[in-house]
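For the sequence shown, our numbering assigns the number 52 to the initial residue and increments by one for each residue that follows.
Here a beta-carbon is modelled for each residue, glycine too, at the ideal position from N, C-alpha and C.
Because the structure is a prediction, the values reported are computed rather than measured.
Worksheet: the structure to be examined is printed underneath.
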Amino acid sequence: MDSEAVIKLQDVWVDYEGIPALEAACLTVRQYDFLGIIGPNGGGKSTLLKVILGLVKPNKGKITVFGDTPERGRKHIGYVPQHSNFDHAFPIGVWDAVLMGRLHRAGLFRRYGNEDRDAAKHALSTVGMLEYRDRQIGKLSGGQRQRVLVARALTTDPQILLLDEPTASIDTSAQSEFYDLLAELKHKLTIILVSHDLSAVSVHVEKIACLNRRLFYHNSKEIPSDELEATYNCPVDMIAHGIPHRILREH
Numbered sequence: 052m053d054s055e056a057v058i059k060l061q062d063v064w065v066d067y068e069g070i071p072a073l074e075a076a077c078l079t080v081r082q083y084d085f086l087g088i089i090g091p092n093g094g095g096k097s098t099l100l101k102v103i104l105g106l107v108k109p110n111k112g113k114i115t116v117f118g119d120t121p122e123r124g125r126k127h128i129g130y131v132p133q134h135s136n137f138d139h140a141f142p143i144g145v146w147d148a149v150l151m152g153r154l155h156r157a158g159l160f161r162r163y164g165n166e167d168r169d170a171a172k173h174a175l176s177t178v179g180m181l182e183y184r185d186r187q188i189g190k191l192s193g194g195q196r197q198r199v200l201v202a203r204a205l206t207t208d209p210q211i212l213l214l215d216e217p218t219a220s221i222d223t224s225a226q227s228e229f230y231d232l233l234a235e236l237k238h239k240l241t242i243i244l245v246s247h248d249l250s251a252v253s254v255h256v257e258k259i260a261c262l263n264r265r266l267f268y269h270n271s272k273e274i275p276s277d278e279l280e281a282t283y284n285c286p287v288d289m290i291a292h293g294i295p296h297r298i299l300r301e302h
């Protein structure tokens, strides 16, 4: 195995009751990659993350995480799920929410130890949210909640961070701050970020893959226009104003 490859997918197929979600997906993610996976809603992006985590079994193909099965390799992964359906009235504080990231180590019916509390404190400090540790999480802004979810994922000291539509429900200013946080983390972690927001992701990530059941990836940030149009199933205009932008025409 390539010593720098932390995730490998080889000819991976997934379907749900006969409906295809992934078709012949091949992907190699290397240590410290900052990879954005873009594509339309329903294109298989969340499924891809679940395959990497070992939560969805492919119908065909092979997946390895650090050369092992996803079930064994996921101990090295921090996962930040979509939070658009978060219940703002749920009575849990920031500190307890972040400590939940340590549950699999502390055990469901065991008390958290000093090591767990130190990990939570360090994670909150890393994302700039330590001063909010006593707040109820539902009273935070969308951007602040997302930082708390990242902190929860960081409590296990992961080597890979998976983020599923992390900026979907936060305003433009908070999105910019969130991407600044990822820019700091990318020096310590391999990051995979999935989104349907083509223009925002293309500015911040270092490599891009396109996914709409089929996966297009060339280990770079350059996307051939024909592959982009095949992913979104519509024509695409490409312009540049200092920083490359890709704009989808109305269709």
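>> For G164 and G152, I'd like the C-alpha separation in whole angstroms.
In response: Rounded to the nearest whole angstrom, the CA to CA distance from G164 to G152 is 13 Å.
> To which residues of the same chain is E301 closer than 8 Å at the C-beta, ignoring the five residues directly before and after it?
Replying inline: Any reading at E301 must be qualified, since the residue scores a pLDDT of 48, below 50, and its modelled position is unreliable; the value itself is stated next. Contacts found: none.
>> Checking 8 Å against the spacing of the C-beta atoms, do L240 and P217 come in under that value?
In response: no
> Got a sec? Which residues, its chain only, sit under 7 Å from V65 by beta carbon, not counting five neighbours each side?
Replying inline: Close CB contacts of V65 within its chain, under the 7 Å cut and outside five residues either way in sequence, are with A72, L73, T98, V102, V107, P109 and N110 (chain order).
> So Q226 is in the beta strand (DSSP E); what residue range does that whole segment cover?
Replying inline: Careful: Q226 lies outside any beta strand (DSSP E), inside the alpha helix (DSSP H) at T223 to L236.
> Hey, out of S246, L78, R265 and N263, whose CA is closest to V256's CA?
Replying inline: S246
> According to DSSP, which residues form a beta bridge with P71?
Replying inline: D66
> Can you tell which of G193, R162, R184 and V201 has the C-alpha that lies nearest to the C-alpha of T223?
Replying inline: G193
>> For I88 and L262, which I take to be in contact (beta-carbon distance under 8 Å), what is that distance rounded to the nearest angstrom?
In response: The C-beta distance from I88 to L262 rounds to 5 Å, short enough to meet the 8 Å contact threshold.
>> Tell me which residue opens and which closes the beta strand (DSSP E) that A202 is part of.
In response: Bounds of any beta strand (DSSP E) do not take in A202; it lies within the alpha helix (DSSP H) bounded by G193 to L205.
>> I'd like the list of long-range same chain contacts for S195, defined as Cβ closer than 7 Å, with 5 residues on each side in sequence excluded.
In response: Residue identity check: residue 195 is Gln in the sequence provided, not Ser. Same-chain partners within the cutoff: M180 and Y183.
> Beta carbon of H155, beta carbon of I211: below 8 Å?
Replying inline: no
> In whole angstroms, what separates the C-alpha of F267 from that of K258?
Replying inline: Cα to Cα, the separation comes out at about 12 Å.
> Does DSSP classify N110 as helix, strand or coil?
Replying inline: coil
> From what residue to what residue does the alpha helix (DSSP H) around I103 run?
Replying inline: Counting along the chain, the alpha helix (DSSP H) containing I103 begins and ends at K96 to I103.
>> Bridge partners for S176 per DSSP, in chain order?
In response: S176 pairs with nothing; no bridge assigned.
> Using the rule of at least 16 other Cβ atoms within 10 Å of the residue's Cβ for burial, across every protein chain shown, is K113 buried or exposed?
Replying inline: K113 is exposed by the Cβ-count criterion.
> DSSP on V116, reduced to helix/strand/coil?
Replying inline: strand
>> Rounding to the nearest angstrom, what Cα-Cα distance links G93 and Y130 in this structure?
In response: 19 Å
> Of the residues D119, T115, R203 and D231, which one's Cα is nearest the Cα of V145?
Replying inline: R203
>> So the candidates are P132, G118, L104 and P142; which of them puts its Cα closest to the Cα of R125?
In response: L104
>> Rounded to the nearest angstrom, what separates G90 and Y83 at their Cα positions?
In response: 22 Å
> In or out: D167 buried (at least 16 other Cβ within 10 Å) or exposed?
Replying inline: buried
>> Among the candidates L213, A225 and E235, whose CA atom is the shortest distance from the CA of R80?
In response: Going by the sequence as given, residue 80 is Val instead of Arg. When each option's Cα is compared against that of V80, the closest is L213.
> When you compare each of F117, A234, S220 and A174 to P132 by their alpha carbons, which one comes out closest?
Replying inline: S220
> Can you name the start and end residues of the beta strand (DSSP E) that G129 belongs to?
Replying inline: I128 to V131
>> Per DSSP, what are the beta-bridge partners of R34 in this structure?
In response: Summary: the structure shown does not reach residue 34, with the chain confined to residues 52 through 302, and so no result is reported for it.
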